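Asks: The structure that follows is given in the form of structure tokens.
2 protein chains.
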Amino acid sequence: MNNILDPLEPDPTQSKRERQKEAKRLALTDAALAVFSRVGFAAAKIEDVAEEAGVSKGTVYLYFESKEQLFEEMVKAKMSPMLNHMAGAIEASSGSATDRLLAQMRFFYSRVLNCDRRQIMRLIMAEGPNFPHLAEFYHANILSRGQAMIEAIIRDGVESGEFRQMQGHGLMQNIAAGALVAAIWKMVFDRFQPLDLDAYFETHIDLILNGLKAAPTEN
Amino acid sequence: MNNILDPLEPDPTQSKRERQKEAKRLALTDAALAVFSRVGFAAAKIEDVAEEAGVSKGTVYLYFESKEQLFEEMVKAKMSPMLNHMAGAIEASSGSATDRLLAQMRFFYSRVLNCDRRQIMRLIMAEGPNFPHLAEFYHANILSRGQAMIEAIIRDGVESGEFRQMQGHGLMQNIAAGALVAAIWKMVFDRFQPLDLDAYFETHIDLILNGLKAAPTEN
DNA sequence: TCGTACTAACTGACCGGTCAGTCATTTTTT
DNA sequence: AAAAAATGACTGACCGGTCAGTTAGTACGA
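Chains A and B, in that order, give the protein sequences.
Quick note on my numbering: the first sequence kicks off at 1 and runs consecutively.
Quick note on my numbering: the second sequence kicks off at 220 and runs consecutively.
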């Protein structure tokens, strides 16, 4: 139906109309992210999305079948490019497992936590149970890939002796958890107790890397 | 207005009516938790809450001014008792800082993550930005208390030499993060990739305790 | 370069269903 | 019998989704 998930250059083979259409689709997903982030799925008004995108309500339905589909497509459109970048960054990275883990974390903090995208994570948590579709997509295409990357790094680190052996049930979740909580804190509690993301990041990697490091003591 | 936040024993100074009223209030907050958990705030119907509590819609408005107030009161009513238990558990616990941290974690996993209450955490994350009231209450009365408890334990552990010195910005968030993520995973992704909470707990404390432990190697 | 015919894109008034909140009436308690 | 509690039909605002009508882009002949 539509394979426009990664719109980058203005393809010269496209007519003016096609380019406009694509631009509008992008404007709509941008607007959808903004509005859904602001008030959540249920309270978001299609009319507001339309206004924010500079079109009328009816137009939204020329691009998306329903509010629900708009939501899902928005998540996909916003997350897919980031995923590819992340995979590329991992592939490109070399050096010790510690360095690679650090690079991945840094990427995540800067490209997800510190921008609009963190709102998507919040929306997945908030709306996930009501959108099995979406939760499944998110798990299959985003989480499991992130999980695979982290686990590969850990495996290498254990082999090279940088990290100790851990049984690993929920290891990825535990390692990434700090980042997720930072995002949530920023979105929900920052106004009451501000969080310095840079300092937090230092604490996070310090704790994790030390936790993974081979330790001579008991257990 | 109402100071009934911790309904426990049937106070003999109360008339039969007052006791019934209190019971109904409890039934309503129970029902509210169930319904809000199921579908989120916006999609929840007052009529469903009423039915689940065994009363009619109008009755809900005899106890709560509005849907919003019902939501806030429900969170307060469900979280306050737990907090007091947690504080008590901390006070009662002695032994090494490691043991105390472990006890607190265990408490949290069993009394929050593994029951209805985890839904409240999800609701706070989901609806927090739309309910500054509630987010502030939650931060002031729940998070900051938990934070104080953990920080006290860490401080003791550093003094006793069990833990290394850490600068600590966001330390509490990082330590608790694993637990929060476990809760989210259970609620959103468990059906796609089940999480064994006991094994996860082991990984969590293993990673954290090792991360906090004094390490001889480079920072 | 203009005019004309065609069509894709867009609009916004409207419809139908939903639901928070109200209140006149009924039921229960004292 | 009086008061308190509970009811549920009702109202009015709201909003997702539709579609008849309008606008703007395109193709082409002169």
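Note that beta-carbon positions come from the ideal geometry of N, C-alpha and C, so glycine has one too.
These figures come from a predicted structure and were not determined experimentally.
1) On the three-state DSSP scale, how would you describe A:P213?
2) Taking 8 Å as the cut-off, decide whether the C-beta atoms of B:R341 and B:I394 are in contact.
3) Taking any Cβ of chain B, which residues in the segment 122–137 of chain A have a Cβ under 9 Å from it, in chain order?
4) With a threshold of 8 Å between beta-carbons, can A:M187 be considered close to chain B, or not?
5) Would a check of beta-carbon distances place A:V181 closer than 8 Å to chain B?
6) From the DSSP output, read off the bridge partner residues of A:F163.
7) Suppose contacts are defined by Cβ-Cβ distances below 8 Å. Is B:M293 in contact with B:L252 by that definition?
8) Distance cutoff 8 Å, beta carbons only. Does A:D196 sit that close to anything in chain B?
9) What residues from chain B crowd round A:H161, counting only those whose CB sits closer than 8 Å?
10) Please compile the residues from chain A whose C-beta is within a distance smaller than 7 Å of the C-beta of B:I373.
11) Compute the Euclidean distance between the alpha carbons of B:L262 and A:E18, then round it to the nearest angstrom.
12) Under 6 Å Cβ to Cβ from A:L101, same chain only, skipping five residues before and after it: list those, please.
13) Give the secondary structure of B:K295 by DSSP, where H, G and I count as helix, E and B as strand, and everything else as coil.
14) Quick one: is B:F411 near chain A, going by C-beta distance under 8 Å?
15) B:Q392 touches chain A at which residues, Cβ-Cβ below 8 Å?
16) Report the three-state DSSP secondary structure of B:P348 (helix, strand or coil).
17) Per the contact definition of three or more C-beta pairs closer than 8 Å, is the segment 373–390 of chain B in contact with the segment 305–313 of chain B?
18) How about A:D206: is its C-beta nearer than 8 Å to some C-beta of chain B?
19) Out of A:F189, A:P194 and A:Y61, state which residue places its alpha-carbon closest to the alpha-carbon of B:G347.
20) Excluding the 5 residues flanking A:L207 on each side, which residues of the same chain have their C-beta closer than 8 Å to its C-beta?
21) With H, G and I counted as helix, E and B as strand and the rest as coil, what does DSSP make of B:D441?
22) Under 8 Å between C-beta atoms, does A:T203 make it to chain B?
23) If we define contact as Cβ-Cβ less than 8 Å, is B:C334 a contact residue for chain A?
24) Just tell me which of A:H139, A:D198, A:R155 and A:Y200 has its CA closest to the CA of A:S80.
25) Which residues, taken in chain order from the segment 31–53 of chain A, show a beta carbon closer than 7 Å to some beta carbon of chain B?
26) Please return the same chain residues whose Cβ sits closer than 8 Å to the Cβ of B:K405, not counting the five positions on each side in sequence.
27) Do B:W345 and A:Q173 have their C-beta atoms within less than 8 Å of each other?
28) Between the alpha carbons of A:T203 and A:I120, how many angstroms are there, rounded?
29) Taking a contact to mean a Cβ-Cβ separation below 8 Å, would you say A:V39 touches A:E52 in this structure?
30) In the DSSP assignment, find the alpha helix (DSSP H) that holds A:G47 and state where it starts and stops.
31) When you compare each of A:F201, A:F192 and A:F71 to B:L353 by their alpha carbons, which one comes out closest?
32) Within 10 Å of its beta-carbon, does A:K57 have 16 or more other beta-carbons around it, so buried, or fewer, so exposed?
33) Counting only beta-carbon separations shorter than 8 Å, does A:T217 have a partner in chain B?
34) Would you check if the distance between the CB atom of A:Q104 and the CB atom of A:M166 is smaller than 8 Å?
Replies: Reading off the structure:
1) It should be noted that the sequence gives Lys, not Pro, for residue 213 of chain A. Under the three-state reduction of DSSP output, A:K213 falls in the strand class.
2) In this structure, B:I394 does not lie closer than 8 Å to B:R341 by Cβ.
3) Against chain B - using a Cβ distance shorter than 9 Å - the residues of the segment 122–137 of chain A are R122, L123, I124, M125, A126, E127, G128, P129, N130, P132, A135 and E136.
4) Cβ-Cβ to chain B under 8 Å: yes for A:M187.
5) For A:V181, at least one C-beta of chain B is nearer than 8 Å to its own C-beta.
6) In the DSSP assignment, A:F163 forms a beta bridge with A:K213.
7) Yes; because the gap between Cβ atoms is below 8 Å, this pair is in contact.
8) Yes, its Cβ sits closer than 8 Å to a Cβ of chain B.
9) The question names His, yet the displayed sequence has Gly at residue 161 of chain A. The contacting residues do not exist; A:G161 stays about 12 Å from chain B at best.
10) The premise fails here: B:I373 is roughly 11 Å from chain A at the closest Cβ pair, so nothing lies under 7 Å.
11) The amino acid at residue 262 of chain B is misidentified as Leu; the sequence shows Ala. Roughly 37 Å separates the two Cα atoms.
12) The beta carbon of A:L101 is closer than 6 Å to those of I153 in its chain, skipping five residues each way along the sequence.
13) In the structure shown, B:K295 sits in a helix (DSSP, three-state: H, G or I).
14) True, the Cβ-Cβ gap to chain A drops below 8 Å.
15) Neighbours of B:Q392 in chain A, taken as residues at a C-beta separation under 8 Å, are given in chain order as G178, V181, A182, W185, L195 and Y200.
16) In the structure shown, the three-state DSSP call for B:P348 is helix.
17) Output reads no: the segment 373–390 of chain B does not touch the segment 305–313 of chain B.
18) Judged by the 8 Å Cβ criterion, A:D206 is in contact with chain B.
19) With distances taken between Cα atoms, B:G347 lies closest to A:F189.
20) Sequence-distant partners of A:L207 (beyond 5 residues in either direction) whose C-beta falls short of 8 Å from its own C-beta, in its chain, are G178.
21) Summary: the structure shown does not reach residue 441 of chain B, with chain B confined to residues 220 through 438, and so no result is reported for it.
22) Interface with chain B (8 Å Cβ-Cβ cutoff): A:T203 is included.
23) Chain A, which has no Cβ nearer than 8 Å to the Cβ of B:C334, makes this no.
24) For A:S80, the nearest C-alpha among the options comes from A:H139.
25) Against chain B - using a Cβ distance shorter than 7 Å - the residues of the segment 31–53 of chain A are V39, G40, A42 and A43.
26) Excluding five sequence positions before and after B:K405, the CB atoms of its chain that fall closer than 8 Å to its own CB belong to L332, R337, L414 and L416, given in chain order.
27) Checking the sequence, you will find Ala at residue 345 of chain B rather than Trp. No, the pair does not count as a contact, with Cβ atoms beyond the cut-off.
28) Each residue's alpha carbon lies about 24 Å from the other.
29) In this structure, the beta-carbon distance from A:V39 to A:E52 does not fall below 8 Å.
30) For the record, residue 47 of chain A in the displayed sequence is Glu; it is not Gly. Start and end: I46 to A53.
31) Cα-wise, what sits closest to B:L353 is A:F192.
32) Around the Cβ of A:K57, a 10 Å sphere holds fewer than 16 other Cβ atoms; the residue is exposed.
33) Residue confidence for A:T217 is low, a pLDDT of 43 falling below 50, so the modelled location carries little weight; the figure read from the coordinates is stated next. Interface flag for A:T217 against chain B is set, since a Cβ pair is found closer than 8 Å.
34) Contact annotation: A:Q104 and A:M166 have beta-carbon atoms that are not nearer than 8 Å.
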